[in-house]
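Novice: Structure below; questions to follow.
Protein chains: 2
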Amino acid sequence: MSSSELKNDRFLRALLKQPVDTTPVWIMRQAGRYLPEYRETRARAGSFMDLCENPDLACEVTLQPLERYDLDAAILFSDILTIPDAMGLGLYFSEGEGPKFKTPVRDIGAIRNLPTPDPEQELRYVMDAVRVIRRELNGRVPLIGFSGSPWTLATYMVEGGTTKDFGKIKGMMYDAPAALQLLLEKLADSVSSYLNAQIAAGAQAVMVFDTWGGVLSPEKYQEFSLAYMQRIVSGLTRHSEGRQVPVTLFTKGGGQWLELMAETGCDALGLDWTQDIADARQRVGNKVALQGNMDPCVLYASPEIIREEVKKVLHGYGKGTGHVFNLGHGIHQHINPDNVSVLVDAVHDYSSKA
Amino acid sequence: MSSSELKNDRFLRALLKQPVDTTPVWIMRQAGRYLPEYRETRARAGSFMDLCENPDLACEVTLQPLERYDLDAAILFSDILTIPDAMGLGLYFSEGEGPKFKTPVRDIGAIRNLPTPDPEQELRYVMDAVRVIRRELNGRVPLIGFSGSPWTLATYMVEGGTTKDFGKIKGMMYDAPAALQLLLEKLADSVSSYLNAQIAAGAQAVMVFDTWGGVLSPEKYQEFSLAYMQRIVSGLTRHSEGRQVPVTLFTKGGGQWLELMAETGCDALGLDWTQDIADARQRVGNKVALQGNMDPCVLYASPEIIREEVKKVLHGYGKGTGHVFNLGHGIHQHINPDNVSVLVDAVHDYSSKA
Chain A
1 MSSSELKNDR FLRALLKQPV DTTPVWIMRQ AGRYLPEYRE TRARAGSFMD LCENPDLACE
61 VTLQPLERYD LDAAILFSDI LTIPDAMGLG LYFSEGEGPK FKTPVRDIGA IRNLPTPDPE
121 QELRYVMDAV RVIRRELNGR VPLIGFSGSP WTLATYMVEG GTTKDFGKIK GMMYDAPAAL
181 QLLLEKLADS VSSYLNAQIA AGAQAVMVFD TWGGVLSPEK YQEFSLAYMQ RIVSGLTRHS
241 EGRQVPVTLF TKGGGQWLEL MAETGCDALG LDWTQDIADA RQRVGNKVAL QGNMDPCVLY
301 ASPEIIREEV KKVLHGYGKG TGHVFNLGHG IHQHINPDNV SVLVDAVHDY SSKA
Chain B
1001 MSSSELKNDR FLRALLKQPV DTTPVWIMRQ AGRYLPEYRE TRARAGSFMD LCENPDLACE
1061 VTLQPLERYD LDAAILFSDI LTIPDAMGLG LYFSEGEGPK FKTPVRDIGA IRNLPTPDPE
1121 QELRYVMDAV RVIRRELNGR VPLIGFSGSP WTLATYMVEG GTTKDFGKIK GMMYDAPAAL
1181 QLLLEKLADS VSSYLNAQIA AGAQAVMVFD TWGGVLSPEK YQEFSLAYMQ RIVSGLTRHS
1241 EGRQVPVTLF TKGGGQWLEL MAETGCDALG LDWTQDIADA RQRVGNKVAL QGNMDPCVLY
1301 ASPEIIREEV KKVLHGYGKG TGHVFNLGHG IHQHINPDNV SVLVDAVHDY SSKA
């Protein structure tokens, strides 16, 4: 079916600042460990990467939250580190320590040797998942594709995994900036072709997650993270299936740089909960839509408090379109799934009456 | 000796925006694991808390960085969690996992039962350390006393240790705000009397570390962190030994709230490296001095780059007094100690010529 047959397009409309009947909502990491049915599928799949690499199972978990909640978008189930894995770094997950790479890249020689993955070859399993999910969604809601930002991917590739102090990649940034720039260029090209392939396979919106841009100084953020997201935005397919494909940039901890991010030509910005959404809207004006930004920890509270906090965010954004409700970061593992219903219903309920 | 006999008071003068000959510099966590002599003393002491609780050894490590570097201040060697430990929570350190408490506080009953520690009783070892260090410093440079902020202490007390998602304390914040407020009030009172006792024992400046204020939304930051730091600032002894005792507030990740922080009546604000110091100075005007803010990761770079980055921070702050050079966060464990000399000398060298 063509996307013009989308039964619910308010997510795409809000990202493009077109009128909507009620504020659309989805939840970062909505397909995840807080859901018992996810844990069941995950156990059947084997490892986390086995789950990502199996298009049918990836589709199964992508659709699970849509069965429970009245969500306005689905997001491809995958990992942000598929590109470095496809470059040959050997992604694996060690219990309790997060993602790791067998062969981190630490010098210009290793960076020069990195191949640019072909999305329909080494990353074919992702494109297959997009195709299967689109077929199974059958026009119910739009499908979001995504990637990590070049800077964020580079942090894992250079550090070899998660890090608290970013010593290795920042050492490279200060002492060997040309090496890091080459790595970021290669990543920007790979992310562009990866997202374009997701769009060709059926993704109806795309999002770039810059999880670690917020650990940079303002000067270095512009030079080593934003510049490469800008390249990606410029290189993206912006129309597909007769519709515009909105692109959203999200730098966690990057609230002070919203104006600069809005200048990249993206359609929307993700906002974490450390920002006031009313201030943020004032700062970006009519340039972009905003997605966010309730503290994920509100979901530990009682239904009454959840409804109040939802109201505050909706009220903070104010009248008019251009708002996609979301948390300010991914949902936590130990949240009671019933509380997500409270949130989703409250968003639709209050915003349709406002 | 009286503090009027201080041989080097440029640190105190800069915090009070009085003229200085060259920009003063000290380094957060300057007495720490990156120094081989620290590791040697630490091994002799036994556990980390054994080291904190032994005034002679605490003095020894406090003075170690002053032997190596031309620093303009010493900072009491201690832990930020001494107050909750003195309240009976049972602080301990598990290898690689940071501080933990045997009996976290999770409800209003436990909070009501918390005693307010007497600084000269349960925390006498800290005051003894201050007295020994002052004697051994012999007027060379001023001594900084410090405490964690109420919010930051509360995160450890409620979570039971370090946390990535702050689910328990934020759950309390949303669902049982009165319980959390009582805890924060008790902590504000305890921190005030703790810092006043440090001043009485000889601390010549004090600093409040709000390590985790930056994980809050703007609304919650004001209500649950800043309000209690405000109480502390209002309750502090501001003169001792014939001199003003400057107070510095530092919220990591709190760069967007500098104007609000400056209104507390403190003398200076600590700045992390995600802020541009020129912007920060413009925003706070003449209200407070600024301390910071080089990315600690610059110390992984070569001496040439370190000097360049020092120059950028000094140039960013610009002409006139009111700047104390520091890193934007504590020095990392794996830094080459020689690079700290490069930094310290560069600060004095460039700023005396500017």
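Note that the protein sequences, when read in sequence, are chains A and B. So in this note's numbering, spot 66 of the first sequence is number 66, and the numbers just go up one at a time. In this note's numbering, each residue's number is its place in the second sequence (first place is 1) plus 1000. Glycine residues also receive a C-beta, built at the ideal position from the N, C-alpha and C atoms. In this text the structure is predicted, and so the values were computed from the model without any measurement.
Output the distance between the C-alpha atoms of residue 1067(B) and residue 1035(B), rounded to the nearest integer angstrom.
Specialist: 11 angstroms
Novice: If I follow the unbroken alpha helix (DSSP H) through residue 1028(B), where does it start and stop?
Specialist: First-last for residue 1028(B): undefined, no H or E at that position.
Novice: Anything in chain B within Cβ reach of residue 302(A), meaning under 9 angstroms, just list it in chain order.
Specialist: 1174, 1175
Novice: Please give me, in chain order, every unbroken run of the beta strand (DSSP E) with length at least 3 that falls completely inside the segment 200-286 of chain A.
Specialist: Complete beta strand (DSSP E) runs here, min 3: 205-210, 247-251, 268-270.
Novice: In its own chain, which residues sit with a C-beta less than 7 angstroms from the C-beta of residue 421(A), not counting the 5 before and 5 after it?
Specialist: Look at the range of chain A in this structure, 1 to 354, and you will see that residue 421(A) is not part of it.
Novice: Does DSSP put residue 335(A) in a helix, in a strand, or in coil?
Specialist: Of the three classes helix, strand and coil, the one that applies to residue 335(A) here is coil, per DSSP.
Novice: Distance check for residue 207(A) and residue 246(A), CA to CA, integer angstroms please.
Specialist: 8 angstroms
Novice: Distance cutoff 9 angstroms, beta carbons only. Does residue 225(A) sit that close to anything in chain B?
Specialist: no
Novice: Select from the segment 1067-1090 of chain B all residues with a C-beta closer than 7 angstroms to any C-beta belonging to chain A, and list them in chain order.
Specialist: none
Novice: Given a cut-off of 9 angstroms on the beta-carbon distance, is the pair residue 1030(B) and residue 1310(B) in contact?
Specialist: no
Novice: Take residue 90(A) and list the residues in its own chain whose beta-carbon comes closer than 8 angstroms to its own, dropping the five residues that flank it on each side.
Specialist: 101, 102, 103
Novice: Please list, in chain order, the residues of the segment 260-277 of chain A that have any C-beta partner in chain B closer than 8 angstroms.
Specialist: 273, 274, 275, 276
Novice: Find the residues of chain B that neighbour residue 305(A), judging by a C-beta separation of less than 8 angstroms, and give them in chain order.
Specialist: 1174, 1175, listed in chain order.
Novice: Nearest-angstrom Cα distance between residue 295(A) and residue 329(A)?
Specialist: Cα to Cα, residue 295(A) sits roughly 7 angstroms from residue 329(A).
Novice: Does DSSP classify residue 196(A) as helix, strand or coil?
Specialist: helix
Novice: Alpha carbon to alpha carbon, how far is residue 259(A) from residue 279(A)?
Specialist: 12 angstroms
Novice: Any idea what DSSP makes of residue 147(A), helix, strand or coil?
Specialist: strand
Novice: Could you tell me if residue 234(A) is buried or exposed, where buried requires 16 or more neighbouring beta carbons within 10 angstroms of its beta carbon?
Specialist: exposed
Novice: Pick out whichever of 1162(B), 1353(B), 1232(B) has its Cα sitting closest to the Cα of residue 1081(B).
Specialist: 1162(B)
Novice: Which residues of the segment 1289-1300 of chain B have a Cβ closer than 7 angstroms to any Cβ of chain A? Give them in chain order.
Specialist: 1295, 1297, 1298, 1300
Novice: Would residue 1317(B) and residue 1023(B) be called neighbours here (beta carbons separated by less than 9 angstroms)?
Specialist: yes
Novice: For residue 47(A), count the other beta carbons within 10 Å of its own beta carbon; 16 or more makes it buried, fewer makes it exposed. Which is it?
Specialist: exposed
Novice: Roughly how many angstroms separate the alpha carbons of residue 1299(B) and residue 1069(B), rounded to a whole number?
Specialist: 15 angstroms
Novice: Is the shortest distance between the beta-carbon of residue 1339(B) and the beta-carbons of chain A less than 9 angstroms?
Specialist: no
Novice: Round the Cβ separation of residue 1324(B) and residue 1289(B) to the nearest angstrom and send it over; I've been treating them as touching at under 8 angstroms.
Specialist: 7 angstroms
Novice: Just grab the DSSP bridge partners of residue 1092(B) for me.
Specialist: 1100(B)
Novice: DSSP three-state label for residue 18(A), please.
Specialist: coil
Novice: Please list the partners that residue 214(A) has in chain B, where partner means a Cβ-to-Cβ separation under 9 angstroms.
Specialist: 1253, 1274
Novice: With three or more C-beta pairs closer than 8 angstroms as the rule, is the segment 1211-1222 of chain B touching the segment 1139-1159 of chain B?
Specialist: In this structure the segment 1139-1159 of chain B lies against the segment 1211-1222 of chain B, because at least three pairs of beta carbons, one per stretch, are closer than 8 angstroms.
Novice: Taking C-beta to C-beta, are residue 149(A) and residue 75(A) nearer than 9 angstroms?
Specialist: no
Novice: Keeping to the same chain, check which residues put their C-beta closer than 7 angstroms to that of residue 1160(B); ignore five residues upstream and five downstream.
Specialist: 1100, 1101, 1104
Novice: So what's residue 289(A) in DSSP terms, helix, strand or just coil?
Specialist: Three-state DSSP puts residue 289(A) in a strand.
Novice: Report all residues from its chain with a CB closer than 7 angstroms to the CB of residue 1137(B); omit the five preceding and five following residues, and keep chain order.
Specialist: 1074, 1143
Novice: In this structure, does DSSP put residue 323(A) in helix, strand or coil?
Specialist: Residue 323(A) falls in the strand class under three-state DSSP.
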